[in-house]
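A.B. asks: Dumping the structure here so I can ask a few things about it.
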Amino acid sequence: MNVPVTIFTWLIAVLPIGALLVMMVKFQVPALKAAPVGLLISVITSITVYKAGPVLLAYEAVKGMWSAMVVLVVVWTAILLYEMVNEANAFQVFRKGMQKMTPNELLQILILARVFVSFLQGITGFGVPVAVGTPLLIGIGVNPLWAIVLCLLGHAWGNTYGTLAVAWDALVLQTGIGSDQTTLIQTALWATVLIWVWNFITGIAICWYYGKWEALKKGFLAVAVISVIQGGGQVVMSFINSTLACFLPCCLSLVAVLLLSKMKMYSQPWKIQDSQVMDRSREGGSQEDDSPADMSLHQAFSPYYVMTGITLFVLLVGPVKKVLSIWQVGLSFPETETGYGFVNQAVESFSPQAPFTHAGLFLFLAAVFGYFYFSRHGWIKNGGGKAALKRANKKTVPSAIAVTGFIVMSRIMGGTGQTSVMAQGIANMLGQGYAVLSPIVGMLGSFMTSSNMASNILFSGFQQTTAQLLDLNVAAILGAQTAGGAIGATMCPGNIVLGTTTGGIQGQEGAVLKKVLPISLAMAVGVGVFLFLWLVII
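Numbering (the numbering used here), first residue to last: 8 to 545.
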């Protein structure tokens, strides 16, 4: 890298990210307004300090818009699915059905915010767990802001081996550790053990947020069982079949939590009346009277059954996935270079996407099914489908601006060398103490790109090289990179925007980020300190 790594260039590189955090966390600026400002700052720093020309900036912006489009397809289809289900008043039915299945309110929350969103992360990813899980939690009475927070916490652990292990595969591909079986096994062990700890902590956090010590005492058994199956199961499965390392344990945890609901301690009515997580104002209100009397719980949930069934069939049946993945669409870009000689290699097909295996298609088909199924039973009235479509379109516009701004900003920072300077500056300053910040680099990558996979593509090669130069355990540093990326999934702006959109509280992204930032940052720092003690001090 030819870009000079100085205190000045490092501070300039940090400026767009720092500005975003200050705007959203300190001043509660909505993502719709914060993202364009962050983008503008990154463009200015790219031109004035990092010597980027207009052609390079244009190409990186197009790359960012292409990547954003992939996410926005999920945003629009997830909102459309929500609006179809909401138009039929199915969420009220779902709420009453969940209360009958398990009257323990905390267990209801754990089923949705810990188990179901993890299941969705295992097969889909792309923010689907947050987009789908948020309205379901709201449906059982959770406050919208807290519904987003709980979904962000509940699904994050699955961001390395979830989505059928695309983030893990990206790390292996970028670093070439697949040719070294010992390093591969050790990296998988480091990653899965660290993620297991994160899985357990987020389960504890969900209980704590719901009702502090009383809820923690009540939910500890459920959290422990779920964590052993999910986190421990992922450790084991990572050595057997990395593709199913998250998905299979999530399936088993779903069975386990349903069995737990039959136990005496969870089968009796229980709730904390003054829980900050719950919106008690809706209890016993008129919304209960709007639910169709002839709709069952399974009928209310039927679009989600369809989404899950289609996803499993397409992604887990090898021949089907192979055929549907043949047609892929990507963009071609030439090589570009900054005035400092920072080069972006030419690519024939940038971020190729297979439309027929994309999560957006599964969500869209589920929404279409929901419309016809609910209409057939008279639960969606004439004109209801058009009204739902109109609401989905209206809600998607501000989300599109925010998500596009965030992702284009990350592409420009990466394509002009600013991202590399940030990471290199940390390594140069700390020496072997870099181990402390190695998971924070992974977390930063997830925050910037809204993807653990993209974080691994962006930083895993750098982490590997840095570990070798500093004589640190490469496997441990790479494990911390992707574990940090999973931790960072709780604070990805793209995921937060998805949640505020389907949760109906657009503009409150800063409030959500303020809730999840402390626990995410504390965990990443804790992992880093542990690594430093283990690798350097002991």
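No residue lacks a Cβ here, since even glycine has one placed at the ideal position from N, Cα and C.
Since the structure is predicted, the reported quantities are computational estimates derived from the model, not experimental observations.
Sort out for me which residues DSSP pairs Gln488 with in a bridge.
C.D. replies: Answer is none; Gln488 lacks a bridge partner.
A.B. asks: Lys343 bridges to which residues according to DSSP?
C.D. replies: It should be pointed out that residue 343 corresponds to Thr in this sequence rather than to Lys. Answer is Asn351, bridged to Thr343.
A.B. asks: Roughly how many whole angstroms lie between the Cα atoms of Gly511 and Leu505?
C.D. replies: Cα to Cα, Gly511 sits roughly 10 angstroms from Leu505.
A.B. asks: Using 8 angstroms as the cut-off, can you tell me whether the region 76 to 95 makes contact with the region 369 to 380, which would need three or more C-beta pairs spanning the two stretches below that distance?
C.D. replies: Output reads yes: the region 369 to 380 touches the region 76 to 95.
A.B. asks: Verify whether the separation of the beta carbon atoms of Ile48 and Leu22 is less than 8 angstroms.
C.D. replies: A contact, by the Cβ cut-off of 8 angstroms.
A.B. asks: Distance cutoff 8 angstroms, beta carbons only. Does Trp175 sit that close to anything in chain B?
C.D. replies: This model lacks chain B altogether; it includes just one protein chain.
A.B. asks: Rank Ile14, Val81, Met72 by C-alpha distance to the C-alpha of Ser370 and give the top, closest one.
C.D. replies: Note on identity: in this sequence residue 370 is Leu, with Ser being the wrong assignment. Residue Val81 is the option with its Cα nearest to Leu370.
A.B. asks: Quick check: the region 515 to 523 against the region 467 to 478, are at least 3 beta-carbon pairs closer than 8 angstroms?
C.D. replies: No, because fewer than three Cβ pairs between the region 467 to 478 and the region 515 to 523 fall closer than 8 angstroms, the two stretches do not touch.
A.B. asks: Return the CA-CA distance between Gly292 and Val243, expressed in angstroms with no decimal places.
C.D. replies: Confidence in Gly292 is poor, its pLDDT being 48 and thus under 50, which makes the residue's placement too unreliable to answer from.
A.B. asks: Starting from Gln360, follow its DSSP beta bridges and name the residues at the other end.
C.D. replies: Looking at the DSSP assignment, Gln360 forms a beta bridge with Val336.
A.B. asks: Determine which residues share a DSSP beta bridge with Met285 and list them.
C.D. replies: Beta-bridge pairing links Met285 to Val149.
A.B. asks: Can you tell me the Cβ-Cβ gap for Gly491 and Ile447, rounded? I've got them flagged as a contact below 8 angstroms.
C.D. replies: Confirmed, Cβ separation roughly 6 angstroms.
A.B. asks: Buried or exposed for Phe466, please, with buried defined as at least 16 other CB atoms from any protein chain shown within 10 angstroms of its CB.
C.D. replies: By the 10 Å Cβ count, Phe466 comes out buried.
A.B. asks: Just how far apart, CA to CA, sit Asn206 and Cys214?
C.D. replies: Between Asn206 and Cys214, the C-alpha separation is close to 13 angstroms.
A.B. asks: Kindly list the residues whose CB is nearer than 8 angstroms to the CB of Glu355, restricted to its own chain and excluding five residues on each side of it in sequence; keep chain order.
C.D. replies: Closer than 8 angstroms at Cβ, skipping near neighbours: Gly337, Ser339.
A.B. asks: Measure the C-alpha to C-alpha separation of Val321 and Ile484 and round it to an integer number of angstroms.
C.D. replies: Taking the straight line from one Cα to the other gives about 34 angstroms.
A.B. asks: Starting from Asn111, follow its DSSP beta bridges and name the residues at the other end.
C.D. replies: Looking at the DSSP assignment, Asn111 forms a beta bridge with Trp277.
A.B. asks: Figure out for me which residue from Leu304, Gly391, Gly424, Val410 has the closest Cα to the Cα of Gly348.
C.D. replies: Closest option to Gly348, Cα to Cα, is Gly424.
A.B. asks: In angstroms, rounded to a whole number, what distance separates the CA positions of Leu143 and Phe98?
C.D. replies: Near 7 angstroms, if we compare the C-alpha coordinates of Phe98 and Leu143.
A.B. asks: In the structure shown, what three-state DSSP assignment does Thr252 receive?
C.D. replies: The residue asked about is misnamed: residue 252 is Ala in this sequence, not Thr. Looking at Ala252 - three-state DSSP - the assignment turns out to be coil, as it is neither helix nor strand.
A.B. asks: With distances taken Cα to Cα, identify the nearest neighbour of Ile408 among Gly25, Leu39, Val12, Ile14.
C.D. replies: Of the listed residues, the one whose Cα sits closest to Ile408 is Leu39.
A.B. asks: Do Val519 and Leu160 have their C-beta atoms within less than 8 angstroms of each other?
C.D. replies: The answer is no: Cβ separation not under 8 angstroms.
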